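Enquirer: For reference, the structure I am asking about is given below.
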Amino acid sequence: MTFNFLIVFSSIVTGTIGLIGGMIFKKNPPKKINWWYGYRTKRSMENQEKWDYAQKIGAENMMKYSSIPFLTTIFGFFIDKQDIVLSFGIVMISTLLWAFFSIYITETKLKSEFDKKEK
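In terms of the working numbering, the sequence shown opens at residue 41 and continues consecutively.
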């Protein structure tokens, strides 16, 4: 059986990085607000309470949505290995979707959790 190595390998690597990264952040979240490590957005860095909540939710979402690249490995068994542009596009889209959903859902939860407290 032949498969598209670019899609399968890249998707497995991307999914694994997302899963392991989320596990690391979940087990060892940064304690203090910083610019180097953890889930860092303007909203998450506003205060310590938001920071702590964002680290927890961000790590969970990172692990949860790392399934997107893993699922795209399926395309690797149906897309011709000579179709480099399509293969690259599939890998890029799955990586961007993983990042988008991880960030979007985390920001949405941060907003809903803290906007009701601040009113």
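Cβ coordinates follow ideal geometry from the N, Cα and C atoms, glycine included.
In this text the structure is predicted, and so the values were computed from the model without any measurement.
Quick check: the segment 90–107 against the segment 138–152, are there 3 or more CB pairs under 8 Å?
Expert: Enough Cβ pairs lie closer than 8 Å, so yes.
Enquirer: Helix, strand or coil: which one does DSSP assign to Y105?
Expert: The answer is helix: DSSP assigns Y105 an H, G or I state.
Enquirer: Quick check on the burial criterion: 16 or more other C-beta atoms within 10 angstroms. Buried or exposed for N44?
Expert: With 16 or more other Cβ atoms within 10 Å, it is buried.
Enquirer: Taking only the alpha-carbon atoms, compute the straight-line gap between K151 and S134 and give it to the nearest angstrom.
Expert: Approximately 25 Å, taken between the alpha carbons.
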